[in-house]
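For the sequence shown, our numbering assigns the number 6 to the initial residue and increments by one for each residue that follows. Just so you know, even glycine gets a beta-carbon here, dropped at the ideal spot from N, CA and C. Model, not experiment: these values are computed from the prediction. Note sheet for the following structure.
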Amino acid sequence: MRALLTSKWTKAAVFILCLIPLGGLVWRGFHNGLGANPVEFIQLTTGRWTLRFLVFTLCVTPFRKLLNLPDLIRFRRMLGLFAFFYLCLHFLT
């Protein structure tokens, strides 16, 4: 497990996984899947993902201590920055 967490590709994979919600919004936007009120849908979706990423960020330290995986700390900053990214998108809509 530690070899997987210390791999340079793991951080890139987590980065791409964090962009999937944005890709889903863009996909729905191009295919008219945002509903009757697209601004409300985008605002609600980005707000929910902001809260999810905030919870993920805050859960890294307890999981790191509970599972004895100190290398999980590498992902905490990236998850926090994605929480901020989705928060900015939420406020910009």
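Check                                                                                                                                                                     : Outcome
Does the Cβ-Cβ distance between GLY85 and THR62 come in under 8 Å?                                                                                                        : yes
Please state whether DSSP places LEU72 in a helix, a strand or coil.                                                                                                      : coil
Excluding the five sequence neighbours on either side, which residues of its own chain have a C-beta within less than 8 Å of the C-beta of LEU74, listed in chain order?  : MET6, ARG7, LEU10, PHE68
With a threshold of 7 Å (Cβ to nearest heavy atom), would GLY38 be considered close to the ligand COA?                                                                    : As presented, the structure is devoid of all ligands, the ligand COA included, so that no description of it is given.
Excluding the 5 residues preceding and the 5 following THR55 in the sequence, name in chain order all residues of the same chain whose CB lies nearer than 7 Å to its CB. : ALA88, TYR91, LEU92, HIS95
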